[in-house]
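Contents: one structure, followed by commentary.
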Amino acid sequence: MTAFTTTVDSGLALVTLDLPGEPVNKLTSGLIDEWETLIERLRGDSAVRAVVLVSGKPDSFIAGADIEEFTRLTTAAEAEALSRRGQDLMDRVEQFPKPIVAAIHGACLGGGCELALACHWRVATDSPKTQIGLPEVQLGLLPGAGGCVRLPRLIGARAALDIILAGKTERAQKALKLGLVDEVVPQSILRQVALAAADRLAREGTARRHRSRGAAGALLDGTPVGRRIVYRMAQKQLLKKTGGHYPAPLAALEAVRIGLEHGPAEGFRAERERFGALAVTPVSRNLVRIFFATTALKKDDGVPPGTEVEPLAIGRVGIVGSGFMGAAIAGTAVLNAEVEARLKDAELPRVGKGLKAALGILDERLKRRRLPAPRHRRLAALLSGTADYSGFTRADLVIEAVFEDLDVKRRVLAEVEREIRPEAIFATNTSTIPIRDIAAGAARPERVIGMHFFSPVERMPLLEIIPSDATDARTVVSAVRFGRAMGKTVIVVRDHPGFWVNRILSPYLNEAGVMIEEGVPVDLIDRTMTRWGFPVGPVALMDEVGLDVAQKASKVMHAAFGERLAPPAAIGRMIEDGRLGRKNARGFYAYHEGHKTGVDERVYRILGVKPLEGFAAEDVERRLVYLMLNEAAMACGEGVVRSARDGDVGAIFGIGFPPFRGGPLRLIDELTAGSVVETLTRLQEAHGARFAPAPALEAMASRGGRFHPD
Ligand code: 3H9
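This is how it looks when you write it as structure tokens:
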């Protein structure tokens, strides 16, 4: 392997790293060997005064240690040894007698960032592709090659903890402000500036950096007493945020603290010991699997391998329905896919409102400095509106986001088909209605597909794409690629009521309603499930979605699947009382000025129940979790998802299934299908037929199988 090429000019060695056969540079064991040999050679080469390290890849400096190698680690001792190797490497860079300058463009993450930190000077490009940070905790790990020690020493405890504990990455300008890099330059002059810095450092020695962090910064970062306050606050926030489910950030906090309070040697020891322990936890294993699953989905077009189609280039999108969903789809399409988006609604005032909401998505980015003003202006100009389909003849894709009603959707499809070119695609944004029903009377059913966005569109990472039996491969590939261009993780699912996400959500939400009718307190239900790891509880989720919307969806599911998915009467009674959830500030919870203030106790009277005392949280958890697992197994058995990988990614990104548990199908594998069947059978005896184990699960239990091969 020859990952490095070195040229020497005027005493300056320009080392270009380009890992052969890989899309990004990563610190593999082989690469580390090669680097060690190389720097030993440069150390002894009297013609070399200084070194510049640059990447030969288009958009990555170094994306970190090789995550593949982590999957092969079997013991904590092996993982600790890997970390020690990384630390030694960085130490040799830091102690190198000649200056080493990191010239950074693209992803500079994890071990890549740690290598840059060990260098004596860092120059980064101002490109939005340049991202510098330590995302290790997102893999259930901590920076294990010296990052927990070097970063706080460079930029202060608070700023370092902000990055390390959240696994954050920063753009170049912010990194400059923090002192994480020393210079930011346009990409075209990166090498020249880095070489000039190397020359200067070789002649004048390494510059001492004096950064003022203000009085508060000096007190909090600069004194042991101040730092104690910082650690305590960080720990409190972490426990609140992670619910104790994610050990990595707490371990990273400890490593940072030890490094700052007891010196680098102790810090490095704490770092590698904790890295070793974390790398073999089930939490880290699950998070690493999710990384590889989402990476694989970036290349998956949703059609069988070998299908040869030329996808439609999508430059203009029409969106029918300028309500909450339609507007957010338009705003997100413009922001991420940079396409022209035209909103259509029945009346111009409604169109105006939708355009304002779509523009709001761009404005928010501008305000948070994620979008420069000229780009904001350019993107805003891509948005337009109409009340009469004008311009739709030029659309490549039309997304319908009207009311969730079969007749209305069919009417819109017929209208749109009259306007658009024959090769244009019609996508329906439905959450439950089968695409074949919507496309039943279509003139060109092969161009009709489902695109199920999740709300709020600009923030939710998942998109379900649903071809009907009539949809052609070109339409599938075009829609999947467009979804990805919109920044979504896309799963292609089977045309079955509720598709994947709402299918597995349906029995879970229903059961929450059934429990409320039994008198189980609302806050007990929600608290139990957030403690289990969901970002919100099922009752709060119904309020968020809207009780009317939830009822509509549950009726579709009831009609399709019968009594097993019968909606609880509670929702209907809430709606009769005029309660629609957060949107009208009246739901299971009370709201004040848009903020949830607590359970609305009047709800129990409306439902004619008395809240029970002493109901066991374990019973709540078991009923809710096992119903979701059972439905996931059943739907997977029916081929609703193409693989267990897609099912788990869909549950995690679509409904916030706790990532550390790996997804519902992974959880079944971990519990074993046999034990899940046993628990369901006991629940069935106690609570009724809706808990009857899915045939797919029983079959799996009897042959001792798993959903995931690994
Ligand atoms: C770490 O560094 C630990 C250290 O502190 C301590 C060590 C002792 N490893 O995502 P893409 C592959 S932990 C292995 O489609 P993009 C990826 O699987 C690491 N493989 O491209 C895919 O492979 P394939 C901390 C990696 O442009 C291909 O590269 N670092 C790694 O959308 C293209 O990836 C991270 O957590 C890796 N580190 O995004 C960063 N990185 O083509 C993880 C990428 O065979 N990486 N691959 O399917 C990322 O966030 C994104 O991949 C990146 C590029 C932003 C770099």
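Take the sequence shown: its position 420, counting from 1, is numbered 420 in this note's numbering, and each next residue is one higher. Where a beta carbon is used, it is the ideal one built from N, C-alpha and C, also for glycine.
{"Item": "Which residues in the same chain have their Cβ closer than 7 Å to the Cβ of LEU383, if we skip the five residues on either side of it in sequence?", "Value": "ALA330, VAL334, ALA341, LEU355, ALA358, LEU359"}
{"Item": "What would DSSP say about VAL448, mapped onto helix, strand or coil?", "Value": "strand"}
{"Item": "Within the chosen definition, does the segment 496–509 reach the segment 478–487 through at least 3 CB pairs nearer than 8 Å?", "Value": "no"}
{"Item": "Does the beta-carbon of LEU297 have 16 or more other beta-carbons within 10 angstroms, so that it is buried, or is it exposed?", "Value": "buried"}
{"Item": "Between SER702 and LEU671, what straight-line distance do the alpha-carbon atoms span, to the nearest angstrom?", "Value": "15 Å"}
{"Item": "Grab me the residues of ARG582's own chain with a C-beta within less than 7 Å of its C-beta, minus the 5 sequence neighbours each way, in chain order.", "Value": "ASP543, GLU544, TYR591"}
{"Item": "Is MET233 buried or exposed, if buried means 16 or more other CB atoms sit within 10 Å of its CB?", "Value": "exposed"}
{"Item": "Given this structure, state the Cα-to-Cα distance separating VAL609 from GLU678, to the nearest angstrom.", "Value": "31 Å"}
{"Item": "State the beta-bridge partners of GLN131 as determined by DSSP.", "Value": "ALA107, ARG171"}
{"Item": "Since TRP121 is in the alpha helix (DSSP H), which residue starts that stretch and which ends it?", "Value": "Note, TRP121: premise wrong, no alpha helix (DSSP H); beta strand (DSSP E) at 121–125."}
{"Item": "Sort out for me which residues DSSP pairs ASP9 with in a bridge.", "Value": "LEU12"}
{"Item": "So, are the CB atoms of LEU624 and PRO538 less than 9 Å apart?", "Value": "yes"}
{"Item": "Report the option in GLY179, LYS236, LEU190 whose CA atom is closest to the CA atom of LEU165.", "Value": "LYS236"}
{"Item": "Closer than 6 Å by C-beta to VAL52: which residues in its own chain qualify, once you throw out the five before and the five after it? Chain order, please.", "Value": "LEU14, VAL101, ALA103, ALA194, LEU195, ALA198"}
{"Item": "Look at the alpha carbon of ALA252 and the alpha carbon of GLN138, and state the distance between them as a whole number of angstroms.", "Value": "12 Å"}
{"Item": "Taking the alpha-carbon positions, what's the ALA689 to PRO535 distance?", "Value": "29 Å"}
{"Item": "Between the beta-carbon of PHE392 and the beta-carbon of GLU419, is there less than 9 Å?", "Value": "yes"}
{"Item": "When you compare only the Cα positions, how much space is there between ALA617 and SER322?", "Value": "42 Å"}
{"Item": "Between ILE361, LYS367, HIS376, VAL408, which has its C-alpha nearest VAL457's C-alpha?", "Value": "ILE361"}
{"Item": "Taking the alpha carbon of ASP407 as the reference point, which residue from PRO264, ILE433, ALA277, LEU343 has its own alpha carbon closest?", "Value": "ILE433"}
{"Item": "I'd like the list of long-range same chain contacts for PRO521, defined as Cβ closer than 8 Å, with 5 residues on each side in sequence excluded.", "Value": "VAL599, PRO611, LEU612, PHE615"}
{"Item": "Thinking PRO461 and MET628 are a contact (beta carbons under 8 Å), I'd like their distance in whole angstroms, please.", "Value": "PRO461 to MET628, Cβ: 20 Å. No contact."}
{"Item": "Which first and last residues belong to the alpha helix (DSSP H) in which SER675 is found?", "Value": "673–687"}
{"Item": "Kindly indicate which residue of ALA427, LEU397, ALA699 has the alpha-carbon position closest to the one of ALA633.", "Value": "ALA699"}
{"Item": "Should ILE491 and ASP646 be called a contact, given that it needs their Cβ atoms to be closer than 9 Å?", "Value": "yes"}
{"Item": "What did DSSP end up calling TYR591 once you bin it into helix, strand or coil?", "Value": "strand"}
{"Item": "In whole angstroms, give me the CA-to-CA distance for ALA569 and ALA414.", "Value": "36 Å"}
{"Item": "Alpha carbon to alpha carbon, how far is PRO693 from GLY656?", "Value": "24 Å"}
{"Item": "What's the C-alpha gap between GLU170 and ARG368?", "Value": "13 Å"}
{"Item": "In angstroms, rounded to a whole number, what distance separates the CA positions of GLN192 and HIS105?", "Value": "13 Å"}
{"Item": "My assumption, with CB atoms under 8 Å, is that SER468 sits in contact with GLY276. Please give the rounded CB distance.", "Value": "The Cβ separation is near 50 Å, so there is no contact."}
{"Item": "Can you tell me whether ARG269 sits near the ligand 3H9, meaning its C-beta is under 8 Å from at least one heavy atom of the ligand?", "Value": "no"}
{"Item": "Roughly how many angstroms lie between the CA atoms of ALA485 and PRO224, to the nearest whole one?", "Value": "48 Å"}
{"Item": "Would you say the beta carbon of VAL24 comes nearer than 8 Å to a heavy atom of the ligand 3H9?", "Value": "yes"}
{"Item": "Between the C-alpha atoms of ALA635 and GLY674, what's the straight-line distance to the nearest angstrom?", "Value": "18 Å"}
{"Item": "Can you give me the start and stop residues for the alpha helix (DSSP H) that GLN344 sits inside?", "Value": "Per the sequence presented here, residue 344 reads as Lys, with Gln not at that position. Premise fails: LYS344 lies in the beta strand (DSSP E), 340–344, not in any alpha helix (DSSP H)."}
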